[in-house]
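> The structure under discussion is supplied below as structure tokens; questions concerning it will follow.
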Amino acid sequence: MGGINPYQSASETVLPTKPYTITFMPLGKKVTVDPAALPLSREGKPGSILDIADGNGIEIDHACGGVCACSTCHVIVREGFDSIPEATEDEEDMLDEAPGLELSSRLACQAVPDGSTDLVVEIPAWNRNHAQESH
1 MGGINPYQSA
11 SETVLPTKPY
21 TITFMPLGKK
31 VTVDPAALPL
41 SREGKPGSIL
51 DIADGNGIEI
61 DHACGGVCAC
71 STCHVIVREG
81 FDSIPEATED
91 EEDMLDEAPG
101 LELSSRLACQ
111 AVPDGSTDLV
121 VEIPAWNRNH
131 AQESH
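Using UniProt numbering, the first residue of the sequence shown is number 1, and each one after it goes up by one.
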């Protein structure tokens with residue numbers, strides 16, 4: 001689908017200019033993000049955590065197709081939270097529906113790191129594709 005919902009106000013994002021890494025927990029999978037290769041998929045905003053995960057074969061559920069219309073792609077940013085712009089009011093409204101909400105919770109489809117630091121992102125247990133993790 002893509003990361004744009006025509007019923008919500010657009011938010012400004014700054015794409016990274018240098019490579020950085022995202023470690024997806026508890027998988028322990030570390031991905032190097034090459035800014036020149038973004039977007040990696042058609043899910044979520046270009047350069048979003050969801051885009052990067054999807055483009056690297058890491059499953060994060062996203063029932064709405066990555067357009068900020070549900071809370072299924074809820075992740076917790078354990079490190080590097082400050083490199084992601086503040087959530088929009090629309091994203092915060094969707095996050096209110098997510099189980100296990102924490103101060104560093106974000107929707108993976110909307111969170112676009114600026115690349116200024118590496119990230120550690122936790123995919124909550126209820127959002128993991130257990131069939132893929134068993135490989």
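All C-beta atoms in this analysis are idealised placements derived from N, C-alpha and C, irrespective of residue type, glycine included.
(1) Within the same chain, show all residues whose beta-carbon is closer than 8 Å to that of T21, passing over the 5 residues directly before and after it, in chain order.
(2) Less than 7 Å between C-beta atoms, sequence neighbours within five positions excluded: which residues of the same chain meet that for S48?
(3) Quick check on this structure: which residue in E12, S116, D82 has the alpha carbon closest to the alpha carbon of S105?
(4) Using a threshold of 8 Å, state whether the C-beta atoms of C73 and D90 are closer than that.
(5) Quick one: Cα of L15 to Cα of V77, how far?
(6) Bridge partners of K30, per DSSP?
(7) Would you list, in sequence order, the uninterrupted alpha helix (DSSP H) runs of no fewer than 4 residues that lie entirely inside the UniProt domain "2Fe-2S ferredoxin-type" (20-127)?
(8) Can you check which of these residues, P26, P124, P85, A63, is closest to E43 by C-alpha distance?
(9) Since P99 contacts W126 with CB under 8 Å, what's their CB separation in whole angstroms?
(10) Can you find the residues in the same chain that come closer than 7 Å, C-beta to C-beta, to T17, ignoring five residues on each side of it along the sequence?
In terms of the structure at hand:
(1) K30, V31, T32, V33, D118, L119
(2) G3, A108, C109, Q110, A111, V112
(3) D82
(4) no
(5) 18 Å
(6) T23
(7) 49-55, 89-95
(8) A63
(9) 6 Å
(10) P35, G115
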